[in-house]
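First up is the structure itself, then whatever we jot down about it.
Have a look at this one:
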């Protein structure tokens, strides 16, 4: 693996695919309360797109596209949003879902009992927590991958 | 001597596993299903989420997810600490 990354074939396929992988990861996060998956799984999928970019283009190709400090700040934002949503229901109990079935415009709808395709605008704090955890996981794993690759590269050249 | 000891240990452990396998309950019949039945019956009405697993993970057992997120946070902090760039004249293990 030279400084420019991997071969032209790998780079072309990566350029075609990585956007779709990111969109699929965000889909898994957004539909966490309807279909299998959720914040952890979707965040890992989005982070795998970043890992694909890093492996095929090398560390130099990612320079300027992803800011490491922005990633680390966004991870704290995800963690604090998750904790804040948990504390929002402290009037009843920690992690009380105060938005579910409340009729509010944000995820407050009710779902019909029994098998159905599901309602996207339902679930109360569950989809919001999915977004918070998804943001946390994707930024956390992406910064781990970036830092480990750069660290390994540095040792290689020494 | 070593091979005999290994054979005895192997047979001993295998006998235990076979014993456990013969006395297993039929597949899909849990020992105590009261909690599972509650989640399946009430998740749609209480959490308004069709995915019961997510309803358990993020609502009924949200505290567990908080612990998982903390583990991930600790892992990220550990890796970032381990792989960070050292300052110009800084050595490993040196107090700052």
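Protein chains in written order, with the numbering used here: chain B, 31 to 188; chain V, 3 to 98.
Cβ coordinates follow ideal geometry from the N, Cα and C atoms, glycine included.
Every value quoted in this text rests on a predicted model; they were computed, and no experiment measured them.
Checklist entry - Cβ of residue 56 of chain V less than 7 Å from any chain B Cβ? => result One-based indexing of the second chain puts residue 56 of chain V at position 54. Interface residue, yes.
Taking the straight line between their C-alpha atoms, what separation do you get for residue 73 of chain B and residue 47 of chain V? The count along the first chain starts at 1 and reaches residue 73 of chain B at position 43. The count along the second chain starts at 1 and reaches residue 47 of chain V at position 45. Whole-angstrom Cα-Cα distance: 28 Å.
* To do: Provide the residue span of the alpha helix (DSSP H) that contains residue 73 of chain V, from first to last.
  => What you label residue 73 of chain V is simply residue 71 of the second chain in a count that begins at 1. Per DSSP, residue 73 of chain V belongs to the alpha helix (DSSP H) from 64-85.
For residue 35 of chain B, which three-state DSSP category applies?
Here residue 35 of chain B refers to the residue found at position 5 when the first chain is read from its first residue. Strand, per DSSP.
Problem - Among B/135, B/157, B/125, B/63, the one whose alpha carbon lies nearest that of residue 147 of chain B - result: Walking along the first chain from the start, residue 147 of chain B turns up at place 117. When each option's Cα is compared against that of residue 147 of chain B, the closest is B/63.
Practice item. Could you check which residue in B/40, B/36, B/173 has the C-alpha nearest to that of residue 81 of chain V? Key: To locate residue 81 of chain V, count along the second chain from 1; it is residue 79. The shortest Cα separation from residue 81 of chain V among B/40, B/36, B/173 belongs to B/173.
Residues of chain D with CB closer than 9 Å to the CB of residue 63 of chain B, please, in chain order. Given the protein chain composition of this structure (B and V), no chain D is represented.
Under the rule that 16 or more other beta-carbon atoms within 10 Å means buried, what is residue 39 of chain V, buried or exposed? Working through the second chain from its first residue, we reach residue 39 of chain V at position 37. With fewer than 16 other Cβ atoms within 10 Å, it is exposed.
For residue 31 of chain B and chain V, any beta-carbon pair shorter than 7 Å? Locating residue 31 of chain B in the first chain gives position 1, where the first residue counts as 1. In this prediction, residue 31 of chain B scores a pLDDT of 46, lower than 50, which makes its location untrustworthy; the coordinate-derived value is nonetheless stated afterwards. Residue 31 of chain B does not count as touching chain V.
Q: For residue 6 of chain V, count neighbouring Cβ atoms within 10 angstroms of its own Cβ and tell me buried if that reaches 16, exposed if not.
A: Here residue 6 of chain V refers to the residue found at position 4 of the second chain. So residue 6 of chain V counts as exposed.
task = Examine the Cβ distances between the segment 58-72 of chain V and the segment 153-163 of chain B and report whether three or more of them are shorter than 8 Å.
result = yes
Under 8 Å: do the segment 88-108 of chain B and the segment 161-177 of chain B share three or more Cβ pairs, one atom per stretch? yes
Is the beta carbon of residue 137 of chain B closer than 7 Å to that of residue 157 of chain B? By one-based count along the first chain, residue 157 of chain B stands at place 127. By one-based count along the first chain, residue 137 of chain B stands at place 107. A contact, by the Cβ cut-off of 7 Å.
Residue from V/86, V/70, V/84, V/85 whose Cα sits closest to the Cα of residue 109 of chain B
What you label residue 109 of chain B is simply residue 79 of the first chain in a count that begins at 1. The residue with the shortest Cα to Cα distance from residue 109 of chain B is V/70.
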